[in-house]
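In terms of the working numbering, the sequence shown opens at residue 7 and continues consecutively.
The beta carbon of each residue, even a glycine, is placed where N, CA and C say it ideally should be.
Keep in mind that this is a model prediction, so the values were computed, not measured.
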Amino acid sequence: MKESLKCKLEYIENKSIELEKIELFNNAEEIRKNLDDIFDERKKEYLKFFESERKIIEGENSKNKKELEEFKNKIEEKRNYFRKPILIISAICVGITIYGLFKINSVSNLINEHEKKLTYKGALEKAKVKDQPIIYGLMNEPLRQGDIEITVTNVLRGSVHGRQPKKPYFL
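Here is the structure:
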């Protein structure tokens, strides 16, 4: 009987150990379910948090894009504001340069014509002077012809006879 009691006691101990294991397993299952629930709740919270952060970032991004677009438009307006006057000033400068070139060309043509006229007048005056009679005077006595007054102080002999005077030798 002792042995049967001993066997029964052993059996009960084994069964109690198994029951404890089953309870632990059931508790572990409950703990796992509780953890899953907690993780699901945390997952939902994280998803909500990340979704709200994404919306905030997208809002800031769209705001920054609008500001960038406005800034680009302002820069383009300023470029256009300065571009038109620069083009107008450039066109005026080109016009003035072309006008100046034609004016310089016409002035140089006028100068050339004037020089031709002066040369022609000079040639005419020389021709008139050549055609005038030779005026003779005495030595050291002033001789006037028009606006010019000449006093002869020396006469070379070679020029009296029509010969050219000898040129001096220079070493």
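Give the DSSP-derived three-state secondary structure of Leu144 in the structure shown. Position 138 of the sequence shown, counting from 1, holds the residue named residue 144. It is coil, neither helix nor strand.
Measure the C-alpha to C-alpha separation of Val100 and Asn118 and round it to an integer number of angstroms. Stepping through the sequence shown from its first residue, residue 100 is reached at position 94. Stepping through the sequence shown from its first residue, residue 118 is reached at position 112. When rounded, the distance between both Cα atoms is 27 Å.
Could you tell me the distance, in whole angstroms, from the CA atom of Ile98 to the CA atom of Arg85? Counted from its first residue, the sequence shown places residue 98 at position 92. Counted from its first residue, the sequence shown places residue 85 at position 79. Looking at the two C-alpha atoms, the distance is approximately 20 Å.
Locate the beta strand (DSSP E) running through Thr159, then write down its first and last residues. Within the sequence shown, residue 159 is the residue found at index 153, counting from 1. Neither: Thr159 is in no beta strand (DSSP E) and is coded neither H nor E.
If you draw a straight line from the alpha carbon of Val113 to that of Leu107, how long is it in whole angstroms? Your numbering for residue 113 matches position 107 in the sequence shown. Your numbering for residue 107 matches position 101 in the sequence shown. Their backbone Cα atoms lie some 10 Å apart in a straight line.
Spatial distance of Asn79 from Glu51 (CA atoms): For this step, residue 79 is matched to residue 73 along the sequence shown. For this step, residue 51 is matched to residue 45 along the sequence shown. One C-alpha to the other measures close to 42 Å.
Residue from Thr159, Gln151 and Asp153 with nearest C-alpha to Leu144: The residue you call residue 144 lines up with position 138 of the sequence shown. The shortest Cα separation from Leu144 among Thr159, Gln151 and Asp153 belongs to Thr159.
Alpha carbon to alpha carbon, how far is Glu121 from Ile156? Looking up residue 121 in the sequence shown gives position 115. Looking up residue 156 in the sequence shown gives position 150. For Glu121 and Ile156, the distance between alpha carbons rounds to 29 Å.
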